[in-house]
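Student:
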Amino acid sequence: MVFQPQEIPLGSPPLVEEQDAANGAWVPIYSHACTFGPAVFVDKMMDLIKNPNLNSSWLFRADILHDDKKLAGNPDGVSRQSPAVSPVAVSIRGMALVRTLVRRLIPRNERRDKPMEQTCAFYTTDQVTDQVTAQDGLQAQDPAAAARSTLVIYMPHASSADTLPFYHPKVRGIAHLHQWDGQGRGTISVHFLPYPEHPLSDAKLQRTAYHLLEVLDKHGHGAVQGYVKRVNHDLVIPKDRFQNRYALLKSKYARQMVDSWAEKTDPSKHVFEDLGIAAFLIELWNDMYPKDATAFPGFVDIGCGNGLLVALLTREGYSGWGFDARERKSWAQYRTRGHASPSGFSLEERLLLPSIVTTATATSGQAQASDQAEAEPETDLRLREGVIHDGVFPPGTFIISNHADELTPWTPILAASSRCPFIMIPCCSHNLTGEKFRAPPPRDKSKAKSTYASLVDWVSRIAEDCGWKVETEMLRIPSTRNTCLLGRTRTREGDGLETQVDVAALVDKYGGTGGYYENVAKLIKSGPRGH
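Residue numbers (the numbering used here): 326 to 856.
#1: In three-state DSSP terms, what is Ile802?
#2: Roughly how many angstroms separate the alpha carbons of Arg566 and Ile607, rounded to a whole number?
#3: Is the stretch 583-603 in contact with the stretch 556-563, if contact means three or more CB pairs nearer than 8 Å?
#4: Among Lys654, Ala620, His664, Ile681, whose alpha-carbon lies nearest the alpha-carbon of Thr639?
#5: Name the residue from Ser585, Ala618, Ala587, Tyr571 whose alpha carbon lies nearest to the alpha carbon of Phe597.
#6: Which same chain residues end up closer than 6 Å to Leu811 when comparing Cβ atoms and leaving out the 5 residues on each side of it in sequence?
#7: Helix or strand or just coil, what does DSSP make of Gln443?
#8: Do Arg418 and Ala387 have their CB atoms nearer than 8 Å?
#9: What does the alpha-carbon distance come out to for the pair Ser337 and Ile478?
#10: Along the beta strand (DSSP E) that carries Val625, what are the first and last residues, could you check?
#11: Should Val625 and Tyr659 be called a contact, given that it needs their Cβ atoms to be closer than 8 Å?
#12: Throw me the rounded Cβ distance for the Arg473 and Thr449 pair, which I believe falls under 8 Å.
#13: Does the separation of the CB atoms of Phe605 and Leu732 fall below 8 Å?
#14: Should the stretch 649-656 be called in touch with the stretch 666-681, which here means at least 3 C-beta pairs below 8 Å?
#15: Could you tell me the alpha carbon to alpha carbon distance between Val832 and Thr838, rounded to whole angstroms?
#16: Go ahead and pull the three-state DSSP assignment for Thr808.
#17: Cutting at 6 Å between CB atoms, please list the residues of its own chain near His714, excluding the five before and the five after it.
#18: If we require 4 or more residues per run, which alpha helix (DSSP H) segments fall completely within the stretch 465-498?
#19: Starting from the Cα of Gln531, find the closest Cα among Glu789, Ile333, Arg763, Pro737 and give me that residue.
#20: Near Val413, what residues of its chain come up, given a Cβ to Cβ distance below 7 Å and the 5 sequence neighbours on each side ignored?
#21: Helix or strand or just coil, what does DSSP make of Leu676?
#22: So, helix, strand or coil for His512, using DSSP?
#23: Say whether the stretch 570-584 touches the stretch 755-766, bearing in mind that this needs 3 or more beta-carbon pairs closer than 8 Å, one atom from each stretch.
#24: With DSSP run on the structure shown, which of helix, strand or coil describes Pro339?
#25: May I have the straight-line CA-CA distance separating Pro440 from Asn380, to the nearest angstrom?
#26: Rounded C-beta distance between Cys809 and Glu798? I'm assuming under 8 Å.
#27: Just checking my contact of Val549 with Val365 at CB under 8 Å: how many whole Å lie between their CB atoms?
#28: DSSP beta-bridge partners for Ile725?
#29: Considering only C-alpha positions, which residue in the set Met613, Gly507, Ser680, Pro746 is nearest to Ala829?
#30: Return yes when the Cβ of Pro339 is within less than 8 Å of the Cβ of His357, no when it is not.
#31: Which ranges would you report for the beta strand (DSSP E) in the stretch 506-591 if only whole runs of at least 3 residues count?
#32: Taking the beta strand (DSSP E) that Ala657 belongs to, which residues open and close that run?
#33: Which whole-angstrom value is the C-beta distance of Glu539 and Phe361, which I expect to be below 8 Å?
#34: Would you report the Cα separation of Pro519 and Ser526, rounded to the nearest angstrom?
#35: At which residues does the beta strand (DSSP E) containing Ser830 begin and terminate?
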């Protein structure tokens, strides 16, 4: 159904009326036909209450402070309620109040706007209110598809229009009304409770009403048409913890990092992407290494690129270092002393030649047959002391592989060999030789067969064959390459990869390493990539 709402003329009779008209009259703004019933309406409105970012890009999330219905995980039936907040009571003529929540709206930028509490109340004309879902405490079924009206009202906890934050329209209240005829047809509409000094003829308020109805229509009809969410976020770290940490890091570092950006790449992408990854890692490490129980073992960022992620983590008090094949301009401002790296600096120029792969097996047959005397000594990496890293790290060191390209498929192998947990965020597709290649299609035939999806599944297979239980998180970062694969739990007992896996067979299974030496050597001569 194409979204073409009907604009309701100002002065039309109200469809929502309060018992006490002291607050004024509710004004209908837009309406639109719908084919989803009351249960879908309630379900989608709960989604919008819990996820206000679906309606406004200015908002991070909502924290539920009060809920007067029994929720999953609260079997004793006691309300979830903060003693500091009380709902705004509103009585609607001809409708029964069935559920009340208070949420705190959390903005993305708390320097611009403050959080705000808002009462969210559900009403219905239907008398059958005892059928509840385990999740949301409201009607799950449409018994006999009965005709009814269902209403959801938002009331901001604000004393005047002037105290409302930027992200909230200048109105006393917002209402979403669903009217169902019992024959498979319905209407949804948006209503405002205005302030006298802010007329509803204002174009911004009209646009807001249109947008609110459009979002509800999209999600309601998507549910009816069998929409299946493609990805699930926040499986490893809860959203509120990640967003709080991200907001803190952003307020501390974003402006300075953007203003001092030394690379040719876009700082607005790289800075906020690495702030998001740092926020995720810090919260993950808080779970893995509680400060009062476990010392942080240190981290290493293989293929660290511009070094920003290393700089953020070390500034936040986490010991670690990173290396890359080429030094970057930005290292001059990010590199610090006193770290567990071979040189004692936080950023180093090194190439990875894994100890589990001999130089001979990592060199192509053509190169082995060539006259090595013809090569200039300074270009032979084996003669350059300190340029090679063997990929062996102290046990427990947390390995970060963020868009590490040639090193991505090696990450779970190195981690298993050194008994180290890891995350890898794949980007460009390379095999174990360092060559670009197209990974085989994903094992799950329902998944997309894109180059990226194929790469993610392929490196997941390597990790699983190395004995890792692979956890997947879709990171909340400004990148389409945002799949994070986490290995922190072993599926097999033993002290290392050698006791569990035939390394040679594993490497052969995934294409071998012939030509790896020459391919990584080329990285010194080529310029840095822009991702």
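Ideal Cβ placement from N, Cα and C applies to all residues, glycine included.
Tutor: With the structure as the only source:
#1: Taking the first residue of the sequence shown as 1, we reach residue 802 at position 477. In the three-state scheme derived from DSSP, where H, G and I count as helix and E and B as strand, Ile802 is classed as coil.
#2: Within the sequence shown, the letter at position 241 stands for residue 566. Within the sequence shown, the letter at position 282 stands for residue 607. Each residue's alpha carbon lies about 10 Å from the other.
#3: As far as the Cβ criterion goes, the stretch 583-603 does not touch the stretch 556-563, which means the pair count is below three.
#4: As a first step, residue 639 must be located in the sequence shown, where it is residue number 314. Comparing Cα-Cα distances from Thr639 to each of Lys654, Ala620, His664, Ile681, the minimum goes to His664.
#5: For the purposes of this step, residue 597 is taken as residue 272 along the sequence shown, with counting starting at 1. Nearest option by C-alpha distance: Tyr571.
#6: By one-based count along the sequence shown, residue 811 stands at place 486. For Leu811, where only same-chain residues beyond five positions count, the Cβ hits under 6 Å are Ile748, Glu796.
#7: On the sequence shown, residue 443 is found 118 positions in, with the first residue counted as 1. If DSSP states are grouped into helix, strand and coil, Gln443 belongs with the strands.
#8: As a position in the sequence shown, residue 418 is number 93, starting the count at 1. As a position in the sequence shown, residue 387 is number 62, starting the count at 1. No, these two residues do not count as a Cβ contact at 8 Å.
#9: Here residue 337 corresponds to residue number 12 of the sequence shown, with the count starting at 1. Here residue 478 corresponds to residue number 153 of the sequence shown, with the count starting at 1. Going from the Cα of Ser337 to the Cα of Ile478 covers about 20 Å.
#10: One-based indexing of the sequence shown puts residue 625 at position 300. Unbroken beta strand (DSSP E) run through Val625: 624-627.
#11: One-based indexing of the sequence shown puts residue 625 at position 300. One-based indexing of the sequence shown puts residue 659 at position 334. Result no, Cβ atoms of Val625 and Tyr659 do not sit closer than 8 Å.
#12: Along the sequence shown, one-based indexing puts residue 473 at 148. Along the sequence shown, one-based indexing puts residue 449 at 124. Indeed, because the Cβ distance is near 6 Å, the residues count as touching under 8 Å.
#13: Within the sequence shown, numbered from 1, the residue matching residue 605 stands at position 280. Within the sequence shown, numbered from 1, the residue matching residue 732 stands at position 407. Contact check for Phe605 against Leu732 fails: the beta carbons are separated by 8 Å or more.
#14: Three or more beta-carbon pairs separated by less than 8 Å link the stretch 649-656 to the stretch 666-681, which places the two stretches in contact.
#15: One-based indexing of the sequence shown puts residue 832 at position 507. One-based indexing of the sequence shown puts residue 838 at position 513. The alpha-carbon atoms of Val832 and Thr838 are separated by roughly 7 Å.
#16: Translated into positions along the sequence shown, residue 808 becomes position 483. Strand at Thr808.
#17: Along the sequence shown, one-based indexing puts residue 714 at 389. Cβ within range, chain order: Arg675, Leu677.
#18: Entirely contained in the stretch 465-498, not one alpha helix (DSSP H) run reaches 4 residues.
#19: Position 206 of the sequence shown, counting from 1, holds the residue named residue 531. Considering only alpha carbons, the answer is Ile333.
#20: As a position in the sequence shown, residue 413 is number 88, starting the count at 1. For Val413, where only same-chain residues beyond five positions count, the Cβ hits under 7 Å are Thr444, Met480, His482.
#21: Translated into positions along the sequence shown, residue 676 becomes position 351. In the structure shown, the three-state DSSP call for Leu676 is strand.
#22: As a working mapping, residue 512 is identified with position 187 in the sequence shown. As written in the sequence, residue 512 is Thr, which differs from the His given in the question. In this structure, Thr512 counts as strand in the three-state DSSP scheme.
#23: Contact fails: fewer than three Cβ-Cβ distances are below 8 Å.
#24: Taking the sequence shown and counting its residues from 1, one reaches residue 339 at position 14. Here Pro339 sits in coil by DSSP.
#25: Start at 1 with the first residue of the sequence shown, and residue 440 comes out as number 115. Start at 1 with the first residue of the sequence shown, and residue 380 comes out as number 55. Computed Cα separation, rounded: 16 Å.
#26: Looking up residue 809 in the sequence shown gives position 484. Looking up residue 798 in the sequence shown gives position 473. Right, the Cβ-Cβ distance comes to about 4 Å (below 8 Å), so this counts as a contact.
#27: Numbered from 1 along the sequence shown, position 224 holds the residue referred to as residue 549. Numbered from 1 along the sequence shown, position 40 holds the residue referred to as residue 365. Yes, they are in contact, since the Cβ atoms of Val549 and Val365 sit about 6 Å apart, within 8 Å.
#28: Within the sequence shown, numbered from 1, the residue matching residue 725 stands at position 400. Paired residues: Asp626, Ile748.
#29: Walking along the sequence shown from the start, residue 829 turns up at place 504. Out of Met613, Gly507, Ser680, Pro746, Ser680 has the C-alpha closest to the C-alpha of Ala829.
#30: For the purposes of this step, residue 357 is taken as the residue at position 32 of the sequence shown. For the purposes of this step, residue 339 is taken as the residue at position 14 of the sequence shown. No, the Cβ-Cβ distance between His357 and Pro339 is not below 8 Å.
#31: Listed in chain order, the complete beta strand (DSSP E) runs (minimum 3 residues) inside the stretch 506-591 are 511-519.
#32: If you number the sequence shown from 1, residue 657 lands on position 332. From DSSP, Ala657 is part of no beta strand (DSSP E) but of the alpha helix (DSSP H) over 656-659.
#33: To locate residue 539, count along the sequence shown from 1; it is residue 214. To locate residue 361, count along the sequence shown from 1; it is residue 36. Their Cβ separation, rounded to whole angstroms, is 14 Å, which puts Glu539 and Phe361 out of contact at 8 Å.
#34: Sequence index remark: in the sequence shown, residue 519 carries index 194 (1-based). Sequence index remark: in the sequence shown, residue 526 carries index 201 (1-based). About 11 Å.
#35: By 1-based counting over the sequence shown, the position of residue 830 is 505. A small fix is needed here, since residue 830 is Ala in this sequence, not Ser. Premise fails: Ala830 lies in the alpha helix (DSSP H), 828-834, not in any beta strand (DSSP E).
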